[in-house]
Amino acid sequence: MAKSMSLLSKQTALSSVSFRGYSSSDSPVESILVYSEMKRRRIKPNKLTFPFLLKACASFFGLTAGRQIQVEVLKHGFDSDVYVGNNLIHLYGSCKKTSDARKVFDEMTERNVVSWNSIMTALVENGRFSLAIECYLEMIWRRFCPDETTMVVLLSVCVGNLSLGKLVHSQVMVRELELNCRLGTALVDMYAKAGGLEYARFVFERMHDKNVWTWSAMIVGLAQYGFAEEALQLFSTMKKKSSVRPNYVTFLGVLCACSHTGLVEDGYKYFHEMEKTHKIKPMMIHYGAMVDILGRAGRLNEAYDFINKMPFEPDAVVWRTLLSACSIHHDKDDDGIGEKVKKRLIELEPKRSGNLVIVANRYAEARMWDEAAEVRRVMKETKIKKIAGESCLELEGYMYMYESIKKPQKHHMKPSLHNTKHMMVMLDLP
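Letter by letter, the sequence shown follows residues 36 to 465 in the working numbering.
Encoded structure:
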């Protein structure tokens with residue numbers, strides 16, 4: 036009997052090794068087959084079995100398989116294991132089932148920092164930013180100590196909210212977390228996207244280790260906020276003084292910088308450099324950036340020819356970029372490029388209000404009032420409405436959301452992060 040139990044124990048250990056290998060491989064579904072074979076041979080799982088299985092399910096978004104594994108977890112009495120719970124949260128978050136992830140989290144009898152990070156990640160990845168902040172506040176209140184991952188997750192919530200981002204940065208400094216490549220890049224990215232370029236530079240210059248994402252975040256931020264020459268200079272510095280090789284995001288920032296400074300020939304140079312020098316195949320977004328460069332420079336025919344020579348079918352965004360350029364430079368459109376683009380765009384997206392609005396505005400700018408009125412009439416008859424944009428406003432620590440077409444009166448506003456800054460300051464525990 037003892038020999039038989041020893042053999043089963045060895046078989047379980049070997050199976051766990053297989054799970055670990057498959058869960059991190061290109062064929063994670065194989066781990067499910069290994070578990071099925073374990074069951075057939077009546078080999079009992081151990082506490083390592085289910086975390087690897089759940090990780091595998093999350094990697095291929097196997098919600099059905101994951102739910103079946105959860106039944107096995109309950110059957111074998113591992114539902115109170117913290118590592119199993121953490122991986123269940125990760126699975127449900129990956130499959131966009133935040134309510135299930137929260138249910139698992141709430142029912143956990145034991146939690147660690149990874150548990151809190153897992154539920155916050157699940158909420159953030161599914162756009163539940165306010166709930167993620169509330170989770171962080173509860174985490175602090177319950178005396179858990181945030182780590183690097185906690186702060187990286189929080190920083191992803193702060194896109195566009197500079198003051199909240201500064202507050203999270205202050206938490207990083209108060210807790211004396213190391214400014215390593217991962218955390219530093221998250222800070223640079225947050226500040227760059229929020230327009231806080233002086234803070235982005237401050238962090239960037241103090242980082243000892245930088246990877247391609249760090250450089251790219253800084254280059255893109257500079258390019259988007261009007262510091263195009265500095266962005267191009269930084270790109271040059273990266274190539275000359277570091278061993279980091281640019282990636283597709285880096286080149287997107289570089290092309291954006293060329294667009295804002297009207298450097299058409301440089302834009303062509305960098306676009307061709309992507310594939311010839313760095314073996315990076317240009318994506319749709321890079322072709323769109325080149326169209327933007329040519330369109331801003333008023334080179335409409337050239338932009339139109341560039342689109343027609345693309346190696347794949349251009350999407351609506353590319354055509355819309357050129358149509359906007361035709362609206363701005365309608366005095367240079369002698370060959371009717373705008374008309375051709377308009378027809379192509381409406382064929383691709385006949386019910387998208389934004390396309391028709393651009394067309395109507397183009398007619399109005401050209402003083403073609405009858406044509407503009409006809410487009411508006413078609414929109415009205417087909418019940419195509421202009422989608423109202425949402426704007427956010429921060430007042431005394433509150434974030435308010437309201438529709439752009441309405442005045443931001445109090446009854447139109449709704450708090451999205453309930454006095455977050457004040458609450459975080461109050462709960463700032465050592």
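From the three backbone atoms N, C-alpha and C, an ideal C-beta is built for every residue, glycine too.
Annotated three-state conformation of N246 is coil, per DSSP.
Taking the Cα positions, V187 is about 33 Å away from V353. The beta carbons of D182 and V203 sit about 13 Å from each other, so the pair does not count as a contact at 8 Å. Distances from the CA of E382 to each of M325, L232, G231, R355 were compared; the closest alpha carbon is that of R355. For the 7 Å CB-CB criterion, A351 and E384 form a contact. Here A263 has A292, H295, T296 as same chain residues with Cβ atoms under 6 Å from its own Cβ, once five neighbours each way along the sequence are excluded.
For C216, same chain residues with a beta-carbon under 6 Å away, outside a window of 5 residues either side, are D244, N246 in chain order. Counting the other CB atoms within 10 Å of its CB gives R241 a total below 16, which places it among the exposed residues. With contacts defined by Cβ atoms closer than 7 Å, F113 and V119 form a contacting pair. For A332, the CB contacts under 8 Å within the same chain, skipping 5 residues up- and downstream, are G297, V299 in chain order. If you keep only unbroken alpha helix (DSSP H) runs of at least 4 residues inside the stretch 158–183, you get 164–176.
Put simply, of M143, V108, V284 the residue whose alpha carbon is nearest the alpha carbon of A258 is V284.
In its chain, beyond the 5 residues on either side, E183, M186, L218 have a beta carbon closer than 7 Å to the beta carbon of L212. In the DSSP assignment, I320 falls within the alpha helix (DSSP H) that extends over 319–331.
A167 and G371 have their C-alpha atoms roughly 51 Å apart.
The C-beta distance from G256 to L232 rounds to 6 Å, short enough to meet the 8 Å contact threshold. Going by DSSP, V279 is part of no alpha helix (DSSP H) at all; its letter is neither H nor E. In this structure, W250 sits near V279, with a CB-CB distance shorter than 7 Å.
A229 is a Cβ neighbour of G195, given a cutoff of 7 Å. Short of 6 Å from the beta carbon of F164, and not among the five residues preceding or following it, lie these beta carbons of its own chain, in chain order: V192.
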